[in-house]
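Asker: Residue 21 in this note's numbering sits at position 11 of the sequence shown, with consecutive numbering throughout. Here it is: the structure, laid out below.
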Amino acid sequence: KGIRFHGGNRHTDTEGCILIAKHRVTKEIIQGSLEKELSLKIAEAENQGKKIALEIING
């Protein structure tokens, strides 16, 4: 249930999940995962009863 976030380099690395990373090296390769940091921040916000918003920027 919900949206999943995980690392990956290409659209073939996901079935609709949001792929996350620190930098884009080339058009196809991304580098450095933020999965753990993002998960901790989301869990902390949920535990405090805060709303969580996601802004997707293509670029």
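Glycine residues also receive a C-beta, built at the ideal position from the N, C-alpha and C atoms.
If you reduce the DSSP assignment to three classes, tell me which class Ile52 lands in.
Answerer: Residue state, collapsed to three classes: helix.
Asker: Of all the options Lys60, Asn57, Asn68 and Ile52, which has the alpha carbon lying nearest to the alpha carbon of Arg14?
Answerer: When each option's Cα is compared against that of Arg14, the closest is Ile52.
Asker: Distance, Cα to Cα, Gly17 vs Asp23?
Answerer: Roughly 8 Å separates the two Cα atoms.
Asker: Cutting at 6 Å between CB atoms, please list the residues of its own chain near Leu71, excluding the five before and the five after it.
Answerer: In the structure as shown, the chain starts at 11 and stops at 69, and residue 71 therefore has no counterpart that could be examined.
Asker: Do Ala31 and Leu44 have their C-beta atoms within less than 9 Å of each other?
Answerer: Yes, the Cβ-Cβ distance between Ala31 and Leu44 is below 9 Å.
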